[in-house]
Amino acid sequence: MTNAPQTAPRTDWTREEIAALFDLPFTELVFRAAEVHRANHPHNEVQLSTLLSIKTGGCAEDCGYCSQSVHADSGVKATKLMDVQAVLQRAAQAADQGSTRFCMGAAWRNPKDRDMPAIIEMVKGVRSMGMETCMTLGMLTPEQSQMLADAGLDYYNHNIDTSPERYDQVITTRTMDDRLETLSNVRSAGINVCSGGIVGMGETREDRVGFIHTLATLPEHPGSVPVNALVPVKGTVLGDMLADTPLAKIDDVEFVRTVAVARITMPRSMVRLSAGRESMSEMTQAMCFMAGANSIFTGDKLLTAPNAGDDNDAAMFARLGIKPMAISETDAQVEASRMPKGCVKLEAMG
Ligand code: SAM
Ligand code: DTB
Ligand code: SF4
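Note that this note's numbering has the sequence shown beginning at 1, numbered continuously upward.
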């Protein structure tokens with residue numbers, strides 16, 4: 001970190017202010033984002049999270065980007081909820097590879113009460129390995145949020161995905177307000193919120209402004225903000241739309257701008273360069289790190305889509321001089337206070 005004063009988070013951003021950030025000359029925007037990043041986070045350090053799909057496919061929701069929806073013709077097979085021991089084995093492998101957060105995702109509209117005991121065992125088991133835990137299971141009731149909080153869940157991922165105006169063109173089986181209600185339930189239970197969305201779904205600049213505005217004006221900024229680049233999957237509404245209209249694709253400069261605006265408006269949050277890195281050039285990823293992205297998903301696979309892979313990431317980190325972030329830094333300070341005594345801090349990726 002630099003000696004520059006840390007930027008106090010503001011939750012009163014206006015759309016005009018956010019639009020004006022997007023409109024800045026590119027190098028000015030990235031420069032400002034880098035300043036905010038350095039004042040609030042260790043620079044040249046990127047946090048590593050690992051994803052595991054604990055229940056794949058067969059989801060009743062109709063999210064237009066998702067390979068796991070029953071409404072898509074993507075060829076993804078539906079599976080049952082994984083066995084707890086199998087999940088813990090995968091978490092141990094991730095810890096060995098230097099990952100500090102283990103994110104477990106289920107293709108559900110919401111978890112059923114009968115699923116909760118296994119889910120809770122997964123949270124407790126992963127925490128006992130000294131990793132941070134994250135789950136993304138769809139909508140949660142206040143009671144389910146409290147059960148997960150009591151089990152020690154560190155983060156809950158629940159994305160708002162796009163602007164309020166565009167939401168019903170992407171998903172019709174739930175509303176943005178449903179999404180915000182779950183975020184409120186999670187926050188009230190004392191779990192850290194992880195919420196972001198997807199860019200490159202054919203949305204307008206105004207939608208990207210609305211997307212960031214919604215996140216940056218939540219009662220508290222999410223601890224983590226995943227910025228996904230759409231992975232266009234054949235057989236999904238949006239994957240097929242983009243294949244037919246390539247001009248609707250987002251360009252790399254606009255993607256980096258979105259990361260930079262997220263960094264400036266939510267200075268203390270971890271901004272995660274999430275899905276879509278597999279087809280992103282190293283230079284675009286480097287620009288995202290410059291613009292304040294400080295977290296990635298590691299490994300060869302996201303939930304169903306390919307990811308960059310540990311070897312490629314280790315080589316990229318070496319070339320860029322980036323170090324994996326230890327668990328004790330930045331937002332992990334919050335969870336560190338909740339870690340069971342005697343937990344060992346993880347060594348960085350070798
Ligand atoms: N079912 C839960 C839910 O929707 O909240 C959890 C899993 S869901 C796959 C998690 C997030 O992954 C979505 O909210 C979306 O932002 C992201 N995602 C899904 N498919 C994607 C794709 N093809 N490209 C980029 N991001 C995607
Ligand atoms: C998030 O924002 N991105 C991750 C995580 N949260 C769960 C998921 C990305 C999924 C990419 C498409 C797939 O693997 O199917
Ligand atoms: Fe289901 Fe989540 Fe995919 Fe939507 S994004 S279809 S809720 S798994």
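Using N, Cα and C, we set each Cβ at its ideal position, and we do this for glycine too.
Quiz item: Any idea what DSSP makes of leucine 88, helix, strand or coil?
Solution: Stepping through the sequence shown from its first residue, residue 88 is reached at position 88. The answer is helix: DSSP assigns leucine 88 an H, G or I state.
Quiz prompt | Distance between glycine 235 and glycine 276 (C-alpha atoms, nearest Å) | solution = Locating residue 276 in the sequence shown gives position 276, counting from the first residue. Locating residue 235 in the sequence shown gives position 235, counting from the first residue. In this structure, the CA atom of glycine 276 is about 17 angstroms from the CA atom of glycine 235.
Quiz item: Is it right to say glycine 75 is buried, meaning 16 or more other beta carbons lie within 10 angstroms of its own, or is it exposed?
Solution: Walking along the sequence shown from the start, residue 75 turns up at place 75. It is exposed - the Cβ of glycine 75 has fewer than 16 other Cβ atoms within 10 Å.
Quiz item: Between glycine 196 and the rest of its own chain, which residues show a CB-CB distance below 6 angstroms, the 5 nearest in sequence each way excluded?
Solution: Here residue 196 is taken as the residue at index 196 of the sequence shown, counted from 1. Result list for glycine 196: Asn159, Val225, Pro226 and Val227, in chain order.
Quiz item: Does the distance from the CB of arginine 268 to the CB of proline 9 come in under 8 angstroms?
Solution: Numbered from its first residue, the sequence shown carries residue 268 at position 268. Numbered from its first residue, the sequence shown carries residue 9 at position 9. One thing to note: arginine 268 has its Cβ within 8 angstroms of the Cβ of proline 9.
Practice problem: With the ligand SF4 as the reference, list in chain order each residue whose Cβ lies under 5 angstroms from any of its heavy atoms. | Solution: Going along the chain, the residues that qualify are Cys59, Glu61, Cys63, Cys66, Gln68, Ser69 and Ala107.
Quiz item: Looking at the structure shown, is aspartate 161 part of a helix, part of a strand, or coil, going by DSSP?
Solution: In the sequence shown, residue 161 corresponds to position 161, counting from 1. Note: aspartate 161 maps to strand in three-state DSSP.
Quiz item: Got a sec? Which residues, its chain only, sit under 6 angstroms from alanine 20 by beta carbon, not counting five neighbours each side?
Solution: The sequence position of residue 20 within the sequence shown is 20, counting from 1. So no residue of the chain qualifies.
Quiz item: Where do the ends of the beta strand (DSSP E) carrying methionine 290 lie?
Solution: The residue labelled residue 290 in the question sits at position 290 within the sequence shown. Segment 282-290 is the alpha helix (DSSP H) holding methionine 290; no beta strand (DSSP E) there.
Practice problem: Can you give me the Cβ contacts of tryptophan 108 inside the same chain, cut-off strictly under 7 angstroms, excluding the 5 residues immediately before and after it? | Solution: Residue 108 sits at position 108 when you count from the first residue of the sequence shown. Taking tryptophan 108 as the centre and dropping the five residues before and after it, the same chain places the C-beta of Lys55, Cys59, Leu137 and Gly138 closer than 7 angstroms to its C-beta, in chain order.
Exercise. Say whether the segment 138-156 touches the segment 184-193, bearing in mind that this needs 3 or more beta-carbon pairs closer than 8 angstroms, one atom from each stretch.
Key: Yes, the segment 138-156 is in contact with the segment 184-193.
Quiz item: Does the segment 37-47 come close enough to the segment 68-88 to have 3 or more Cβ pairs within less than 8 angstroms?
Solution: The way I'd put it, the segment 37-47 doesn't touch the segment 68-88; fewer than three beta-carbon pairs between them come closer than 8 angstroms.
Quiz item: So does the segment 203-212 actually touch the segment 160-173, counting three or more Cβ pairs closer than 8 angstroms?
Solution: With a cut-off of 8 angstroms, the segment 160-173 and the segment 203-212 count as touching, because enough Cβ pairs lie within range.
Practice problem: Going by DSSP, name the residue or residues bridged to isoleucine 322. | Solution: Reading the sequence shown from its first residue, position 322 is the one you call residue 322. Under the DSSP definition of a beta bridge, isoleucine 322 lacks any partner.
Exercise. Give every residue of the same chain whose Cβ lies closer than 6 angstroms to the Cβ of serine 99, excluding the five residues on either side of it in the sequence, and list them in chain order.
Key: As a first step, residue 99 must be located in the sequence shown, where it is residue number 99. Result list for serine 99: Leu48, Thr50 and Thr298, in chain order.
Quiz item: Once you ignore the five residues that flank glutamate 16 on each side, which residues in its own chain have a CB closer than 8 angstroms to its CB?
Solution: Here residue 16 refers to the residue found at position 16 of the sequence shown. None.
Quiz item: Alpha carbon to alpha carbon, how far is aspartate 150 from threonine 11?
Solution: Within the sequence shown, numbered from 1, the residue matching residue 150 stands at position 150. Within the sequence shown, numbered from 1, the residue matching residue 11 stands at position 11. Roughly 28 angstroms between the two C-alpha positions.
Quiz item: In chain order, what residues of the same chain have a beta carbon less than 6 angstroms from the beta carbon of threonine 172, not counting five sequence neighbours either side?
Solution: Here residue 172 corresponds to residue number 172 of the sequence shown, with the count starting at 1. Answer for threonine 172: Asp62, listed in chain order.
Quiz item: Would a C-beta distance cut-off of 8 angstroms place valine 84 and methionine 122 closer than the cut-off?
Solution: In the sequence shown, counting from the first residue as 1, residue 84 sits at position 84. In the sequence shown, counting from the first residue as 1, residue 122 sits at position 122. Yes.
Exercise. Taking all protein chains shown into account, decide if glutamine 89 is buried (16 or more other Cβ within 10 angstroms of its Cβ) or exposed.
Key: Taking the sequence shown and counting its residues from 1, the one referred to as residue 89 is at position 89. So glutamine 89 counts as exposed.
Quiz item: Could you give the C-beta distance for arginine 272 and valine 36, rounded to a whole number, given that I count them as a contact under 8 angstroms?
Solution: Numbered from 1 along the sequence shown, position 272 holds the residue referred to as residue 272. Numbered from 1 along the sequence shown, position 36 holds the residue referred to as residue 36. No, arginine 272 and valine 36 are not in contact; Cβ-Cβ is about 16 angstroms, not under 8 angstroms.
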